[in-house]
Amino acid sequence: RAYVFGEDVKFGGVFRCTSGLADAFGTHRVFNTPLCEQGLVGFGIGLAAMGNRAIAEIQFADYIFPAFDQATAKFRYRSGNAFNCGGLTVRSPYGAVGHGGHYHSQSPEAFFCHVPGLKVVIPRNPSQAKGLLLASIRDPNPVIFFEPKWLYRLSVDEVPEGDYMLPLSNAEVIREGTDITLVAWGAQLAVMQQACAEAEKEGISCELIDLRTLIPWDKELVEASVNKTGKLIVSHEAPVTGGFGAEIAATIAERCFLRLEAPIARVCGLDTPFPLVFEPFYMPTANKVSTA
Amino acid sequence: MGLLPLLLRGAPKRFLRASGSYRSLYESNSRRRRHGTDAAAADQAVNSRADHRPDDQMLDFPGAKAAFTSRMEFISPNAAEAVPCFRILDDLGRALDGSDIPEVDSSLAVKMYHTMVRLQTFDSIFYEAQRQGRISFYLTNIGEEALNVASAAALTKDDVVFPQYREHGVLMWRGFTLDEFANQCFSNEAGHGKGRQMPIHYGSEKLNYFTISSPIATQLPHAVGAAYGLKMDRKNACAVTYFGDGGSSEGDFHAACNFAAVLEAPVLFVCRNNGYAISTPACEQYKGDGIVVRGRGYGMTSIRVDGNDALAVFKAVSAARKLAVEQSKPVLIEAMTYRVGHHSTSDDSTKYRSGEEIAHWRSVRDPVLRFRRWLESNAWWSVEDEKELRGAARKEVISAMNQAEKKNKPPLSELFTDVYDTLPRNLLEQEATLRDTVSKNPPSLAPH
Chain A
106 RAYVFGEDVK FGGVFRCTSG LADAFGTHRV FNTPLCEQGL VGFGIGLAAM
156 GNRAIAEIQF ADYIFPAFDQ ATAKFRYRSG NAFNCGGLTV RSPYGAVGHG
206 GHYHSQSPEA FFCHVPGLKV VIPRNPSQAK GLLLASIRDP NPVIFFEPKW
256 LYRLSVDEVP EGDYMLPLSN AEVIREGTDI TLVAWGAQLA VMQQACAEAE
306 KEGISCELID LRTLIPWDKE LVEASVNKTG KLIVSHEAPV TGGFGAEIAA
356 TIAERCFLRL EAPIARVCGL DTPFPLVFEP FYMPTANKVS TA
Chain X
4 MGLLPLLLRG APKRFLRASG SYRSLYESNS RRRRHGTDAA AADQAVNSRA
54 DHRPDDQMLD FPGAKAAFTS RMEFISPNAA EAVPCFRILD DLGRALDGSD
104 IPEVDSSLAV KMYHTMVRLQ TFDSIFYEAQ RQGRISFYLT NIGEEALNVA
154 SAAALTKDDV VFPQYREHGV LMWRGFTLDE FANQCFSNEA GHGKGRQMPI
204 HYGSEKLNYF TISSPIATQL PHAVGAAYGL KMDRKNACAV TYFGDGGSSE
254 GDFHAACNFA AVLEAPVLFV CRNNGYAIST PACEQYKGDG IVVRGRGYGM
304 TSIRVDGNDA LAVFKAVSAA RKLAVEQSKP VLIEAMTYRV GHHSTSDDST
354 KYRSGEEIAH WRSVRDPVLR FRRWLESNAW WSVEDEKELR GAARKEVISA
404 MNQAEKKNKP PLSELFTDVY DTLPRNLLEQ EATLRDTVSK NPPSLAPH
C-alpha cells in the first residue's frame, strides 16, 4: 500500500532516486504527477488519510513553497484523531550544489520546523539516509525528508542491504570531544568534520553532533554535550536570521546558561537569496567555522 | 541510398500513433529522418506533406492531436449560450414535461424531506444561540438544504466525503445525530474534534465524512488522493468533495481537477455555486460560464444542475457516481443554488445585497418548500405531517442544545494530544509547565 509519486518520478527522477521502481512495482504505484506541488502534496495527504503510505517527491526543495498550505499538518489534531495523514512522507533534495543559484540550492527546513505536527528529518550520508527514510516512511506522522543533493553523487558509503531503521528525534554524536560542541545536519557535517580536523591541530577537541531530526529535536543530547564542553556552535546553510540554529541557540542558552563559557555562535548562510557566482562566499565554510 | 531507408526499422512510436491514412506517410518519413543526413530525403518528405491540402493534415505534436487549419480563428471567451441547467421540477415542485423522474419512492422522499427540515430547524436555532452568546460562531446552510440532502442520498455510506463547510446536511443524512452536532458546536468533551476547532467544524470517521476545515478548497486534492486509493483498493466507492463558487478560484481546485483527470481518480467534484463568496458575487469571481465549462478544459465529464431541485440533484449525482466508480473517472457537477443566509454569524449580508433579493430566494425559491410540494402532489405529505415534524424537530434540537451546553469542556490534556501520534518531549515539558502555571493561578483558568 505504498505509492511513490511526483514530477518525473516514473523514469527515475532528475536525481535518479526512483530508478527502476516503476518497472518493479508498476506505474500505478510509481507514477508521475502533473507539475503542481500543492496538488501533489494534497493528493498525498488524501492517499495517506485512507491508510496508504504516500511517498511524495518535490523535485527541488526550492519548489516546496506552493505546497506549504497543504503541509501544515493539522489533519490529526483538528479531527480529534478521527483522521490522520501519518502515512505521508515528502522527500525533497535541498541545499547547495555548487551551481544551483537561487532556485536549486535553498534550505527551507526552518519554515517547516515551525509547524507543530510535522517531523523534519535530514540524513548526512547514504547509510543514514536509508535508515532514516525507512523510519520516516513508517512513522505515523507526516514527515518532510530533506536530502542533501550535494551528496547524491559525492557521498560514498557502505550501506547494509537488509531492512533497518534509525530512530527519529535522536541526534547522534559522530565525533567525541571535550572543548566545544558543534551541531549541524546534512551536508554541512562534512564541512564541520573538516573544521574539527583543523581545530584538532591547534589542540581543540571538538564534539560534533548530527541532529538528524530537526523537529521534534533531541534537546537532551545537545544539552548533555554542552554541559560537558561549555561552548556551542551551530551551523547550517540556510540564512542565519530565523534559521533553525536560532531555535537551538535559544533552547541551549535557556538550559545551559550557567554552564556556558562563551556566547553560542551560529555560522550560517548570509541573509540573502542564494547567489550563484558568490556561492563560496555565501556558504558557511570550514574557514568560517574554524574562525568561530 | 534508396534501399537504406527501407532497411531501417523501428520508427519512433509517436509517429506511429498518428491516425488514419497518414500513418504510412509518417512511417516512411521517419525512416528517412532517422537517416539524418539526407537532405534530399527530407525535402521529399516535406513536399509530400505539402501535396495535401492544409486542412487535411493532422498535427502530431506530443501535446495535442488535432487537424490543421489555414483559417486563423480565435475561440471566443464564451459560447453563444451558457451551458444549460438540468432540472426535473419547476419552481413550484411540478414535474416538467418530458422529465424522467428518478427512482425515489415515498420512504426515500420522506426521509429526505425530514432531513431537510431538521437541518433548517437546527440552523435556525443554533444561529440564534450564537446571537445569544451561547456559542461563539455558527454558519447556516439555508437555501442549500436540497443540494446537501439530495446529493448525500445519491451516495453510499462507503463513499468518502471531503466537505468544505456548508454541507452539514450531507452529514446529517448519513446519521450524525443532533447531539453530535450540538456537542461540537459547544466544544464540549463529547464533541468531535475535542473542542479544538470553531463550531460547525464537524467530522466523522464512521460516517466517512472528513473533518471540516476553514481554508478554502484544500480538501479538493485530498479527495483526489483518497479516490485514487479507493481505485487501487478496488472498492465500490468514490470520493466526493464539495466547494463553492469562491473555492473554484483557488489553486487547489485547478490542481485537483487536473490530477483527477490525469490519474483517473473516481472523484465527484460538487460545486455549490450559491452566487456569493462572503460578499463577493459570482460576477467578481469568474468571467467564464461558471465552473461547469472548466471540466472540458481538464478532460473531465461535467454537468450543470439546478441545485435547488432535489430530484435533479439526486439523479445527476447518482449518474455521476456510477460513471466515477465504473470507469474510474472524475466528474464535475456544478449545482446552481443561492446562499440565503449570511456567510456566517460574522457577516451581515444586507451590506452587499438587497433585502428583497434575500427575501425572494428565501420564500419563492425555497428548495425545501419546492420538494415538499412535490411530495404533497404525490400524497406523501400533508399539512398535519408538516406541523408534527416541525414541532418535533424544534423540540429535539432544543433538547440537544441544552444537553450539550451542560456538558464539561474537554480536559486540558487534549490541548497537547494528537499533534503527533504520541506526545514528543517538547510537548510533555510544555504541558508540565502549563499545569504548573495553572495550579498557581486563580480558578478561572482551571481545567480538569
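Residue numbers (the numbering used here), protein chains in the order written: chain A, 106 to 397; chain X, 4 to 451. Where a beta carbon is used, it is the ideal one built from N, C-alpha and C, also for glycine.
Cα-Cα separation between residue i and residue j, rounded to whole angstroms
{"i": "F216 (chain A)", "j": "V316 (chain X)", "result": "44 Å"}
{"i": "E267 (chain X)", "j": "A280 (chain X)", "result": "30 Å"}
{"i": "A313 (chain X)", "j": "W377 (chain X)", "result": "10 Å"}
{"i": "L363 (chain A)", "j": "E131 (chain X)", "result": "58 Å"}
{"i": "G310 (chain X)", "j": "V367 (chain X)", "result": "15 Å"}
{"i": "S274 (chain A)", "j": "K68 (chain X)", "result": "52 Å"}
{"i": "S347 (chain X)", "j": "Y141 (chain X)", "result": "6 Å"}
{"i": "G5 (chain X)", "j": "D46 (chain X)", "result": "Any reading at G5 (chain X) needs caution, since the residue's pLDDT is 46, under 50, leaving its predicted position unreliable; the model's value is listed next. Spanning the two alpha carbons is a distance of roughly 14 Å."}
{"i": "L1 (chain X)", "j": "S321 (chain X)", "result": "This structure does not reach residue 1 (chain X), given that chain X is present from 4 up to 451, and the question cannot be answered."}
{"i": "P368 (chain A)", "j": "E281 (chain A)", "result": "21 Å"}
{"i": "H451 (chain X)", "j": "L223 (chain A)", "result": "Any reading at H451 (chain X) is ruled out, since the residue's pLDDT is 44, under 50, leaving its predicted position unreliable."}
{"i": "F383 (chain A)", "j": "E252 (chain A)", "result": "23 Å"}
{"i": "Y168 (chain X)", "j": "R183 (chain A)", "result": "14 Å"}
{"i": "F64 (chain X)", "j": "L372 (chain X)", "result": "54 Å"}
{"i": "Y341 (chain X)", "j": "T123 (chain A)", "result": "48 Å"}
{"i": "T353 (chain X)", "j": "G151 (chain A)", "result": "38 Å"}
{"i": "A176 (chain A)", "j": "G147 (chain A)", "result": "8 Å"}
{"i": "G118 (chain A)", "j": "L126 (chain A)", "result": "10 Å"}
{"i": "V328 (chain X)", "j": "F272 (chain X)", "result": "14 Å"}
{"i": "N186 (chain X)", "j": "Q200 (chain X)", "result": "12 Å"}
{"i": "V226 (chain A)", "j": "I249 (chain A)", "result": "6 Å"}
{"i": "K115 (chain A)", "j": "R106 (chain A)", "result": "17 Å"}
{"i": "V372 (chain A)", "j": "L337 (chain A)", "result": "11 Å"}
{"i": "A354 (chain A)", "j": "D424 (chain X)", "result": "27 Å"}
{"i": "Y301 (chain X)", "j": "P269 (chain X)", "result": "15 Å"}
Cβ neighbour criterion (16 or more within 10 Å) applied to residue i
{"i": "Q293 (chain A)", "result": "buried"}
{"i": "R35 (chain X)", "result": "Note on R35 (chain X): pLDDT 48, under 50, position unreliable in the model; the coordinate value appears next. Buried."}
{"i": "K325 (chain X)", "result": "exposed"}
{"i": "M155 (chain A)", "result": "buried"}
{"i": "Y29 (chain X)", "result": "Low local confidence applies: a pLDDT of 44 at Y29 (chain X) is under 50, so the model's placement there is unreliable, with the coordinate-based value given in what follows. By the neighbour-count rule (16 or more Cβ atoms within 10 Å), Y29 (chain X) is buried."}
{"i": "G101 (chain X)", "result": "exposed"}
{"i": "T221 (chain X)", "result": "buried"}
{"i": "C141 (chain A)", "result": "buried"}
{"i": "N189 (chain A)", "result": "buried"}
{"i": "D128 (chain A)", "result": "exposed"}
{"i": "D162 (chain X)", "result": "buried"}
{"i": "T118 (chain X)", "result": "buried"}
{"i": "P202 (chain X)", "result": "buried"}
{"i": "M75 (chain X)", "result": "exposed"}
{"i": "F136 (chain A)", "result": "buried"}
{"i": "K209 (chain A)", "result": "Looking at the sequence provided, one finds His at residue 209 (chain A) rather than Lys. Burial call: buried."}
Legend entry - Segment contact flag, the stretch 228 to 240 of chain A with the stretch 252 to 265 of chain A, C-beta cutoff 8 Å, min 3 pairs: yes
Inset, instruction - Below 8 Å between beta carbons is the criterion; list the residues of the stretch 308 to 331 of chain X that meet it against any residue of chain A, in chain order. - result: Cβ contacts with chain A come from no residue of the stretch 308 to 331 of chain X.
Inset, instruction - Take every Cβ of the stretch 252 to 271 of chain X, pair it with every Cβ of the stretch 171 to 181 of chain X, and state whether three or more of those distances are shorter than 8 Å. - result: no
Inset, instruction - Could you name each continuous beta strand (DSSP E) segment of 3 residues or more that falls completely within the stretch 158 to 193 of chain A, going from the start of the chain to the end? - result: 158 to 162
Inset, instruction - Mind the definition here: the stretch 336 to 350 of chain X touches the stretch 298 to 306 of chain X only if three or more C-beta pairs lie below 8 Å; say whether that holds. - result: Yes, since at least three Cβ pairs between the stretch 336 to 350 of chain X and the stretch 298 to 306 of chain X fall closer than 8 Å, the two stretches touch.
Legend entry - Those runs of the beta strand (DSSP E) which lie wholly inside the stretch 233 to 284 of chain X and span at least 3 residues: 242 to 247 and 270 to 276
Inset, instruction - Would you list, in sequence order, the uninterrupted alpha helix (DSSP H) runs of no fewer than 4 residues that lie entirely inside the stretch 336 to 388 of chain X? - result: 358 to 366 and 370 to 380
Legend entry - 3-residue-minimum beta strand (DSSP E) runs that sit fully inside the stretch 240 to 327 of chain A, ordered along the chain: 248 to 253, 277 to 280, 285 to 289, 311 to 315 and 318 to 320
Legend entry - Residues of the stretch 200 to 214 of chain X whose Cβ lies closer than 8 Å to any Cβ of chain A, in chain order: For the stretch 200 to 214 of chain X, residues whose beta-carbon sits nearer than 8 Å to a beta-carbon of chain A comprise Q200, H204, G206, S207, E208, F213 and T214.
Legend entry - Positions along the stretch 116 to 144 of chain A whose CB lies within less than 9 Å of some CB in chain X: Here the close residues are H133, R134, F136, N137, T138, P139, C141, E142, Q143 and G144.
Inset, instruction - Answer yes if the stretch 432 to 444 of chain X comes into contact with the stretch 201 to 218 of chain X, meaning at least three C-beta pairs across the two stretches below 8 Å, and no otherwise. - result: no
Inset, instruction - Note down, one range per segment and in chain order, each alpha helix (DSSP H) of at least 4 residues found wholly within the stretch 139 to 220 of chain X. - result: The DSSP assignment places 148 to 156, 171 to 177 and 181 to 188 as complete runs of the alpha helix (DSSP H) inside the stretch 139 to 220 of chain X, in order along the chain (cut-off: 4 residues).
Inset, instruction - Anything in the stretch 156 to 187 of chain A with a Cβ closer than 9 Å to a Cβ of chain X? List those residues in chain order, please. - result: G156, N157, A159, P171, D174, Q175, T177, A178, K179, F180, R181, Y182, R183, S184, G185, N186 and A187
Inset, instruction - Check whether the stretch 135 to 150 of chain X touches the stretch 410 to 422 of chain X, taking contact to mean three or more Cβ pairs, one atom from each stretch, closer than 8 Å. - result: With contact defined as three or more Cβ pairs closer than 8 Å, the stretch 135 to 150 of chain X and the stretch 410 to 422 of chain X are not in contact.
Inset, instruction - Please determine if the stretch 175 to 184 of chain X and the stretch 224 to 235 of chain X are in contact, where contact requires at least 3 C-beta pairs separated by less than 8 Å. - result: no
Legend entry - Residues from the stretch 264 to 281 of chain X in contact with chain A, defined by Cβ distance under 8 Å: V265 and L266
Inset, instruction - May I ask you to verify whether the stretch 339 to 346 of chain A touches the stretch 161 to 179 of chain A, counting CB pairs closer than 8 Å and requiring at least 3? - result: Between the stretch 339 to 346 of chain A and the stretch 161 to 179 of chain A there are fewer than three C-beta pairs closer than 8 Å, too few to call the two in contact.
Legend entry - Under 9 Å (Cβ pairs) to chain X, residues found in the stretch 307 to 325 of chain A: I320, P321, W322, D323, K324 and E325
Legend entry - Proximal residues, the stretch 215 to 228 of chain X versus chain A, C-beta separation under 9 Å: Listed in sequence order: I215, S216, P218, T221, Q222, L223, P224, H225, A226, V227 and G228.
Legend entry - Positions along the stretch 215 to 228 of chain A whose CB lies within less than 7 Å of some CB in chain X: Listed by position along the chain: P221 and G222.
Inset, instruction - Enumerate, from N- to C-terminal direction, the unbroken alpha helix (DSSP H) stretches of 4 or more residues contained entirely within the stretch 103 to 141 of chain X. - result: Those alpha helix (DSSP H) runs which fall completely within the stretch 103 to 141 of chain X and span 4+ residues are 109 to 134.
Inset, instruction - Pull out every residue of the stretch 230 to 254 of chain A whose Cβ sits closer than 9 Å to any Cβ of chain X, in chain order. - result: D244, P245 and N246
Legend entry - Near-chain X residues of the stretch 190 to 206 of chain A - C-beta to any C-beta below 8 Å: G191
Inset, instruction - Please name the residues in the stretch 251 to 278 of chain A whose beta-carbon is closer than 7 Å to at least one beta-carbon of chain X, in chain order. - result: S274
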